[in-house]
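J.:
Number of protein chains: 2
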Amino acid sequence: MTISAVERDTGIGKETLRVWERRYGFPAPSRDAHGERLYPAAQVERLRQIKRLMDLGFRPGRLVGASDEELAALSAPATTVAASAGAASGGPLAAALERILASIRTHDAAALRQALAQAMMRQGLHGFVRETVAALNVAVGEAWMRGEIEVFEEHLYTEQMQAVLRQAIASLPRPQPGRPRVLLTTVPEEQHVLGLLMAEALLTLEGAACTSLGTQTPLLDIRRAAEAQRADIVALSFSAAFPGRQIGPLAAQLRALLPAPVALWIGGSGAERLPPSAGVRALPRLDDAVAALAEWRDGHPARD
Amino acid sequence: MTISAVERDTGIGKETLRVWERRYGFPAPSRDAHGERLYPAAQVERLRQIKRLMDLGFRPGRLVGASDEELAALSAPATTVAASAGAASGGPLAAALERILASIRTHDAAALRQALAQAMMRQGLHGFVRETVAALNVAVGEAWMRGEIEVFEEHLYTEQMQAVLRQAIASLPRPQPGRPRVLLTTVPEEQHVLGLLMAEALLTLEGAACTSLGTQTPLLDIRRAAEAQRADIVALSFSAAFPGRQIGPLAAQLRALLPAPVALWIGGSGAERLPPSAGVRALPRLDDAVAALAEWRDGHPARD
DNA sequence: CGCTCATTTTGTCCAGGACAAATCTGGTAA
DNA sequence: TTACCAGATTTGTCCTGGACAAAATGAGCG
Chain A
4 MTISAVERDT GIGKETLRVW ERRYGFPAPS RDAHGERLYP AAQVERLRQI KRLMDLGFRP
64 GRLVGASDEE LAALSAPATT VAASAGAASG GPLAAALERI LASIRTHDAA ALRQALAQAM
124 MRQGLHGFVR ETVAALNVAV GEAWMRGEIE VFEEHLYTEQ MQAVLRQAIA SLPRPQPGRP
184 RVLLTTVPEE QHVLGLLMAE ALLTLEGAAC TSLGTQTPLL DIRRAAEAQR ADIVALSFSA
244 AFPGRQIGPL AAQLRALLPA PVALWIGGSG AERLPPSAGV RALPRLDDAV AALAEWRDGH
304 PARD
Chain B
4 MTISAVERDT GIGKETLRVW ERRYGFPAPS RDAHGERLYP AAQVERLRQI KRLMDLGFRP
64 GRLVGASDEE LAALSAPATT VAASAGAASG GPLAAALERI LASIRTHDAA ALRQALAQAM
124 MRQGLHGFVR ETVAALNVAV GEAWMRGEIE VFEEHLYTEQ MQAVLRQAIA SLPRPQPGRP
184 RVLLTTVPEE QHVLGLLMAE ALLTLEGAAC TSLGTQTPLL DIRRAAEAQR ADIVALSFSA
244 AFPGRQIGPL AAQLRALLPA PVALWIGGSG AERLPPSAGV RALPRLDDAV AALAEWRDGH
304 PARD
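Protein sequence lines correspond, in order, to chains A and B.
Counting in the numbering used here, the first sequence runs from 4 upward without gaps.
Counting in the numbering used here, the second sequence runs from 4 upward without gaps.
#1: From which residue to which residue does the beta strand (DSSP E) around residue 184 of chain A run?
#2: Could you tell me which uninterrupted alpha helix (DSSP H) segments, each at least 4 residues in length, are contained entirely in the region 214-282 of chain A, listed from first to last along the chain?
#3: Against chain A, does residue 235 of chain B count as a neighbour if the rule is that its beta carbon must be under 8 Å from one of theirs?
#4: Of the choices B:193, B:197, B:194, B:236, whose alpha-carbon is the least far from that of residue 214 of chain B?
#5: Is residue 215 of chain B close to chain A, meaning its C-beta is less than 8 Å from at least one C-beta of that chain?
#6: Reducing DSSP to helix, strand and coil, say where residue 285 of chain A ends up.
#7: Could you tell me which chain A residues have their CB closer than 8 Å to the CB of residue 136 of chain B, listed as they occur along the chain?
#8: So, for residue 279 of chain A: in the same chain, excluding its five sequence neighbours on each side, which residues have a beta-carbon less than 8 Å away from its beta-carbon?
#9: Check whether the region 153-165 of chain A and the region 206-224 of chain A are in contact - that is, three or more C-beta pairs closer than 8 Å.
#10: Roughly how many angstroms lie between the CA atoms of residue 291 of chain A and residue 300 of chain A, to the nearest whole one?
#11: Taking a cut of 7 Å between CB atoms, which residues from the region 153-169 of chain B lie near chain A?
#12: In whole angstroms, give me the CA-to-CA distance for residue 233 of chain A and residue 252 of chain B.
#13: Kindly identify the DSSP beta-bridge partner or partners of residue 41 of chain B.
#14: Between the Cα of residue 32 of chain B and those of B:53, B:9, B:142, spot the shortest distance and give me the residue it belongs to.
#15: What number of angstroms, rounded off, separates the C-alpha of residue 15 of chain B from the C-alpha of residue 123 of chain A?
#16: Rounded to whole angstroms, what's the CA-CA distance from residue 296 of chain B to residue 274 of chain B? Just pull it up for me.
#17: Let's see if you can read the secondary structure: which residues bound the alpha helix (DSSP H) around residue 158 of chain A?
#18: Could you tell me whether the region 133-152 of chain B touches the region 98-106 of chain B, using the rule of 3 or more Cβ pairs below 8 Å?
#19: When DSSP labels each residue in this structure, what does residue 212 of chain B get in the three-state scheme?
#20: Assign residue 205 of chain B to buried or exposed, taking buried as 16 or more other Cβ atoms, counted over all protein chains shown, within 10 Å of its Cβ.
#21: Report the residues of the region 110-122 of chain A with a CB closer than 8 Å to any CB of chain B, ordered along the chain.
#22: Is there a Cβ from chain B that is less than 8 Å from the Cβ of residue 222 of chain A?
#23: Compile a chain-ordered list of the residues in the region 187-217 of chain B whose CB is closer than 8 Å to at least one CB of chain A.
#24: If I measure Cβ to Cβ from residue 263 of chain B and keep anything under 8 Å in the same chain, skipping five residues before and after, which residues do I get?
#25: On the CB-based measure, 16 or more other CB atoms within 10 Å of its CB, does residue 13 of chain B come out buried or exposed?
What follows is the structure, given as structure tokens:
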């Protein structure tokens with residue numbers, strides 16, 4: 004595999020791959036006739052493991068050591084955390100979650116879809132989003148990070164969950180006056196869509212007028228869209244996998260682009276790592292979004 | 004804007020930006036105290052124009068000339084093409100398309116959604132996908148390329164269309180035995196989802212068992228998914244915007260990864276630029292997919 | 001007019017140096 | 001013990017300038 008193919012499959016940039024090789028001696032690709040790097044499949048697999056652990060918070064300097072210790076440091080503690088989290092919830096919810104996770108592991112898209120739809124019917128959209136979906140995202144994310152779930156299984160889960168959430172949102176009645184107007188999207192590097200759909204579901208349930216642009220809108224276009232829609236609030240979603248160091252500068256840059264009366268909300272797990280900043284509101288948890296909506300309404304009494 | 008921000012907003016890679024500066028003298032960013040490039044907003048806007056024209060097939064060497072000639076070479080011929088295409092269809096379909104395009108230009112998400120749903124009700128899913136959606140994608144793409152539609156307006160369109168198509172697909176009855184099994188996805192650089200949804204709708208209507216992984220699945224994971232799902236066919240979608248030179252090598256690489264009995268289909272506008280290759284089937288148009296499905300069934304009589 | 005071959009264009013690759021921001025470490029005070 | 005702060009280290013990203021292969025273009029010829 005060429006360096007471009009490795010970047011595509013692992014998500015690690017070319018510059019980073021080259022500097023790792025220079026500094027740590029790994030990866031150590033062979034070269035073709037022209038001196039260009041060719042990565043063996045085994046090293047690509049190892050790079051994927053390293054990427055997973057880095058998303059968990061480990062630093063690369065510690066991960067280029069022996070492979071055995073990595074696997075130990077990886078699976079052992081993460082399993083404990085997940086097991087305790089699973090055990091803590093107990094009861095019928097935990098059973099439903101287990102059934103859903105099982106159908107992910109067996110790649111049974113139809114069963115997965117049905118289990119999700121069933122859970123939503125029983126709990127209603129509000130309860131489904133706040134309990135089941137949130138818990139599943141954490142469980143799937145953790146299982147992926149410790150290598151129990153393949154990338155394609157996560158895609159399968161995302162696709163089915165997306166279908167269920169979109170169907171539910173489409174069937175909601177839209178209040179006509181609808182205030183505030185909320186513009187939902189993510190920045191160009193962030194492609195996780197479930198956080199957006201969860202927020203859209205909850206805020207629409209609370210009577211806000213949500214417009215979603217989907218994922219990966221350039222900052223300049225977010226401003227244009229906010230102006231065109233006369234949005235009261237721009238809400239961005241950042242997943243846990245998004246490089247934390249970039250969130251602060253991105254939020255500041257967008258804040259400077261947006262008109263002052265437009266509120267800027269940052270949601271998703273990534274919001275935990277957002278440094279406090281004027282005019283930017285961090286909403287790491289779903290409940291925070293609902294609370295922020297109530298606050299906004301206190302400060303903006305109906306005017307028509 | 005830093006070079007990273009420009010890459011994010013224009014989709015032009017850092018390496019390419021630097022080599023253009025070296026070769027053509029444009030862009031000509033200023034430098035900060037540390038010698039790093041800082042791009043003025045005007046140059047970023049020009050880069051966006053250049054990118055649009057390159058997606059149309061122009062080469063960068065011709066585009067770094069004067070700004071006036073570019074705009075002329077851009078808008079004049081493209082408008083003609085679009086006008087003739089619009090006029091050629093004539094009748095009630097053209098009127099519906101015009102209404103939809105108008106609601107995109109006025110950023111009226113609710114009206115857009117309603118117009119799309121209405122068109123689908125009248126035509127049925129099959130006719131809607133083959134006529135309206137295909138024509139809209141071309142019209143929106145062309146309007147975007149000649150600068151009449153902003154990126155965020157295209158996002159708005161994609162989001163609403165996605166909602167309508169997903170809702171329609173979800174309401175289709177799924178034939179239980181369901182052959183062949185088709186795995187739908189795109190490669191990591193390709194994020195356009197509408198092509199996938201259109202294919203999923205048509206193939207499901209024809210009785211195939213479709214499983215979609217959504218967009219941007221790494222090649223290794225496509226293989227794993229195909230094995231896990233025991234897929235008969237892997238279908239990839241490439242949009243017109245995808246760099247044409249990469250499609251051939253990508254298809255060949257995936258072909259080598261997949262088991263021989265699994266067919267590999269390449270759909271979307273990008274398939275036009277796919278060089279003929281053994282074991283890879285190019286399906287540039289939607290009708291081709293339906294025809295290929297019939298052919299597959301001829302060659303694989305029901306065995307259970 | 002159609003086909004082959006030379007030439008130009010263009011994206012991507014490489015090396016190795018540099019720096020700023022984030023993170024870790026150790027010491028000190030409450 | 002815990003809380004906090006300054007210094008050391010880690011790490012991603014940026015820089016320059018040279019090189020090559022694949023694709024696109026254009027010339028030449030049957």
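By construction, the Cβ of each residue, glycine as well, lies at the ideal position given by its N, Cα and C atoms.
T.: The relevant details are as follows:
#1: Within the first sequence, numbered from 1, the residue matching residue 184 of chain A stands at position 181. Per DSSP, residue 184 of chain A belongs to the beta strand (DSSP E) from 184-188.
#2: DSSP runs (the alpha helix (DSSP H)) wholly in the region 214-282 of chain A: 222-231, 247-260.
#3: Locating residue 235 of chain B in the second sequence gives position 232, counting from the first residue. It does not: the Cβ of residue 235 of chain B has no partner Cβ on chain A nearer than 8 Å.
#4: Along the second sequence, read from residue 1 onward, the residue named residue 214 of chain B stands at position 211. It is B:236 whose Cα lies nearest to the Cα of residue 214 of chain B.
#5: If you number the second sequence from 1, residue 215 of chain B lands on position 212. Cβ-Cβ to chain A under 8 Å: yes for residue 215 of chain B.
#6: As a position in the first sequence, residue 285 of chain A is number 282, starting the count at 1. Strand.
#7: Here residue 136 of chain B refers to the residue found at position 133 of the second sequence. What residue 136 of chain B touches in chain A: nothing, since even the nearest Cβ is about 17 Å away.
#8: Stepping through the first sequence from its first residue, residue 279 of chain A is reached at position 276. Answer for residue 279 of chain A: 285, listed in chain order.
#9: Judged by Cβ distances under 8 Å, the region 153-165 of chain A makes no contact with the region 206-224 of chain A, as fewer than three pairs qualify.
#10: Along the first sequence, read from residue 1 onward, the residue named residue 291 of chain A stands at position 288. Along the first sequence, read from residue 1 onward, the residue named residue 300 of chain A stands at position 297. Rounded to whole angstroms, residue 291 of chain A to residue 300 of chain A spans 14 Å at the Cα level.
#11: The region 153-169 of chain B vs chain A, Cβ under 7 Å: 153, 154, 155, 158, 159, 161, 162, 166, 169.
#12: Numbered from 1 along the first sequence, position 230 holds the residue referred to as residue 233 of chain A. Numbered from 1 along the second sequence, position 249 holds the residue referred to as residue 252 of chain B. One C-alpha to the other measures close to 45 Å.
#13: Counted from its first residue, the second sequence places residue 41 of chain B at position 38. DSSP, once it has assigned bridges, lists B:33 as partnering residue 41 of chain B.
#14: Here the question's residue 32 of chain B lines up with position 29 in the second sequence. Residue B:9 is the option with its Cα nearest to residue 32 of chain B.
#15: Counted from its first residue, the second sequence places residue 15 of chain B at position 12. Counted from its first residue, the first sequence places residue 123 of chain A at position 120. Roughly 42 Å separates the two Cα atoms.
#16: Start at 1 with the first residue of the second sequence, and residue 296 of chain B comes out as number 293. Start at 1 with the first residue of the second sequence, and residue 274 of chain B comes out as number 271. Computed Cα separation, rounded: 17 Å.
#17: Along the first sequence, read from residue 1 onward, the residue named residue 158 of chain A stands at position 155. Element bounds for residue 158 of chain A: 154-173.
#18: The answer is yes - the region 98-106 of chain B touches the region 133-152 of chain B, with three or more Cβ pairs under 8 Å.
#19: As a working note, residue 212 of chain B is residue 209 in the second sequence. Of the three classes helix, strand and coil, the one that applies to residue 212 of chain B here is strand, per DSSP.
#20: Taking the second sequence and counting its residues from 1, one reaches residue 205 of chain B at position 202. By the 10 Å Cβ count, residue 205 of chain B comes out buried.
#21: Correct list: 110, 112, 113.
#22: Indexing the first sequence from 1 puts residue 222 of chain A at position 219. For residue 222 of chain A, the answer is yes, since a Cβ of chain B falls inside 8 Å of its Cβ.
#23: Along the region 187-217 of chain B, going in chain order, the ones with a CB nearer than 8 Å to a CB of chain A are 188, 190, 191, 192, 194, 214, 215, 216, 217.
#24: What you label residue 263 of chain B is simply residue 260 of the second sequence in a count that begins at 1. Here the set comprises 282.
#25: Residue numbering aside, residue 13 of chain B sits at position 10 when the second sequence is read from its first letter. Looking at its Cβ environment, which holds 16 or more other Cβ atoms inside 10 Å, residue 13 of chain B is buried.
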